[in-house]
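With UniProt numbering applied, the sequence shown covers 1 to 199. A virtual CB, placed ideally from N, CA and C, is assigned to each residue, including glycine. None of the values given here were measured: they were computed from a predicted structure.
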Amino acid sequence: MQDTEYTNEWVNWIEEAVNKEYFKFYEYQQFDNIQHIGTGGFGKVYRAKNSEKQFALKSFFNLDNITVKEIVRELKIQREIDFHDNIIRCYGITKLESDNHNDYWLVMEYADGGSLRSYLKKNFNKLTWDDKYNMAYQLSCAISCLHNEGIVHRDLHSPLDISQGHRETVVPDTPDEYAKIYTKCWDGESDNRPTIYQI
Numbered sequence: 001m002q003d004t005e006y007t008n009e010w011v012n013w014i015e016e017a018v019n020k021e022y023f024k025f026y027e028y029q030q031f032d033n034i035q036h037i038g039t040g041g042f043g044k045v046y047r048a049k050n051s052e053k054q055f056a057l058k059s060f061f062n063l064d065n066i067t068v069k070e071i072v073r074e075l076k077i078q079r080e081i082d083f084h085d086n087i088i089r090c091y092g093i094t095k096l097e098s099d100n101h102n103d104y105w106l107v108m109e110y111a112d113g114g115s116l117r118s119y120l121k122k123n124f125n126k127l128t129w130d131d132k133y134n135m136a137y138q139l140s141c142a143i144s145c146l147h148n149e150g151i152v153h154r155d156l157h158s159p160l161d162i163s164q165g166h167r168e169t170v171v172p173d174t175p176d177e178y179a180k181i182y183t184k185c186w187d188g189e190s191d192n193r194p195t196i197y198q199i
């Protein structure tokens, strides 16, 4: 990270949170076998090993004021929802230091199945309807937890496609009760959609 004045406030917040033990600090050198596993909107994700345990390390493309705020936001959110079984845990942070910059990375729980999108793409036809229902239920419980804490998740759908009215077709052989409820969720008028508890 470039040590500029505009990021100092947020960097100080991160360092103070570590000093007060709100979050654990991991020495970057404690991780080995670091392998790139994905790329998202803010940065890259790596799988790494630390004391025989796998972790996900989330790096950031540009550690400017906006990105450091995003790190702080994620750390604060994780403190609020750390109790929920269906939400990936954030264990703390690490810092990759070099001659001209210092990069903070999040140290997170490693989900060995990959992203939900890639898992479903690979396994959708192998899953029973009960499996699909259970996954949808777990996801809805996690989303409900986020909403109850006043947190809005930004990465659950393709907003542009959905806002333009594009929807997938009902999967052939979907039981009628499932098709009916998930097509009700597509209603453009939010008051007409079922609540998370009805789902």
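Check	Outcome
For Ala-48, does the count of other Cβ atoms within 10 angstroms reach 16, so buried, or fall short, so exposed?	buried
Judging by CA-CA distance, which residue of Lys-76, Val-72, Asp-130 and Tyr-137 is the nearest neighbour of Asn-8?	Val-72
If you draw a straight line from the alpha carbon of Tyr-110 to that of Leu-75, how long is it in whole angstroms?	16 Å
Under DSSP, the alpha helix (DSSP H) around Arg-117 begins and ends at which residues?	116 to 123
Looking only at its chain, what residues have a beta carbon closer than 6 Å to the beta carbon of Ser-118, apart from the 5 residues adjacent to it on each side?	none
Assign Lys-126 to buried or exposed, taking buried as 16 or more other Cβ atoms, counted over all protein chains shown, within 10 Å of its Cβ.	exposed
Give me the DSSP bridge partner(s) of Glu-177.	None; Glu-177 has no bridge partner.
Could you have a look at Val-107 and say whether DSSP puts it in helix, strand or coil?	strand
With which residues is Cys-141 paired in a DSSP beta bridge?	DSSP output for Cys-141 lists no bridge partner at all.
Counting C-beta neighbours from all protein chains within 10 Å, is the total for Ile-34 16 or more, i.e. buried, or is it exposed?	exposed
What ranges does the alpha helix (DSSP H) occupy inside the stretch 36 to 64, keeping only unbroken runs of at least 4 residues that lie completely in it?	none
Looking at the structure shown, is Ile-77 part of a helix, part of a strand, or coil, going by DSSP?	helix
Within 10 angstroms of the Cβ of Phe-61, are there 16 or more other Cβ atoms? Answer buried if so, exposed if not.	exposed
In this structure, what does DSSP give as the bridge partners for Cys-90?	Met-108
Can Thr-174 be considered in contact with the ligand SAH, in the sense that its beta carbon sits closer than 7 Å to one or more heavy atoms?	Within the structure as shown, the ligand SAH is missing, as the structure has no ligands at all.
Note the first and the last residue of the continuous beta strand (DSSP E) segment covering Glu-21.	Glu-21 -> no beta strand (DSSP E), and no H or E assigned at all.
Using 8 Å for Cβ pairs, my map puts Tyr-28 next to Thr-94. What's the rounded Cβ distance?	5 Å
Which residue's Cα is closest to the Cα of Met-108: Gly-40, Asn-134, Thr-183 and Val-45?	Val-45
Write down the C-beta distance between Asn-50 and Tyr-26 rounded to the nearest angstrom, noting that I regard them as a contact closer than 8 Å.	7 Å
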